[in-house]
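Numbering of the sequence shown is given in the UniProt record's numbering, commencing with residue 1 and proceeding in unit increments.
What follows is a single structure, written as structure tokens, with notes after it.
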Amino acid sequence: MILHVSIYISLVLFGISIILFLYRVIKGFFLADRVLALDCIGIALVSIAALISMMQNTPVFVDVLLIIGLLAFIGTVSYARFEEKGQVIVRDRTKS
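Below you can see the structure in the form of structure tokens.
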């Protein structure tokens with residue numbers, strides 16, 4: 001009983017955090033702020049899926065957790081590479 005109540009409270013808090021992160025995506029001062037907010041939304045979505053999996057007592061959502069986490073990671077790494085080199089995919093034509 002206590003576990004279900006704590007899961008429901010956590011789901012509500014993660015939902016509120018996603019709303020606040022969406023505000024940060026819209027009103028962010030810099031592009032890095034917006035990317036960081038999107039990464040935090042991805043982490044919150046992974047947490048929500050894990051909580052739902054715990055609530056239903058099933059491991060079915062593990063695949064969803066991995067996919068959302070992977071997409072959030074790839075997006076953050078792509079942005080970091082874009083900031084560093086100015087383009088995401090760097091083609092070096094000097095090597096054969």
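Just so you know, even glycine gets a beta-carbon here, dropped at the ideal spot from N, CA and C.
Note that the coordinates shown come from a computational prediction; the quantities given were computed from them, not determined experimentally.
Alpha helix (DSSP H) segment containing Phe73, residue limits: Val62 to Lys85
Beta-carbon proximity of Ser47 to Phe14, cut-off 8 Å: yes
Range of the contiguous alpha helix (DSSP H) that encloses Met1: Met1 -> no alpha helix (DSSP H), and no H or E assigned at all.
Ile92, DSSP secondary structure in three states: According to the sequence shown, residue 92 is Asp rather than Ile. Asp92 falls in the coil class under three-state DSSP.
Ile68 versus Asp92 - alpha carbon distance: 31 Å
Distance between Ile41 and Phe21 (C-alpha atoms, nearest Å): 6 Å
Selected residue, minimal CA-CA separation from Tyr79, among Leu45, Thr94 and Leu36: Leu36
Coarse secondary structure for Gly42, derived from DSSP in three states: helix
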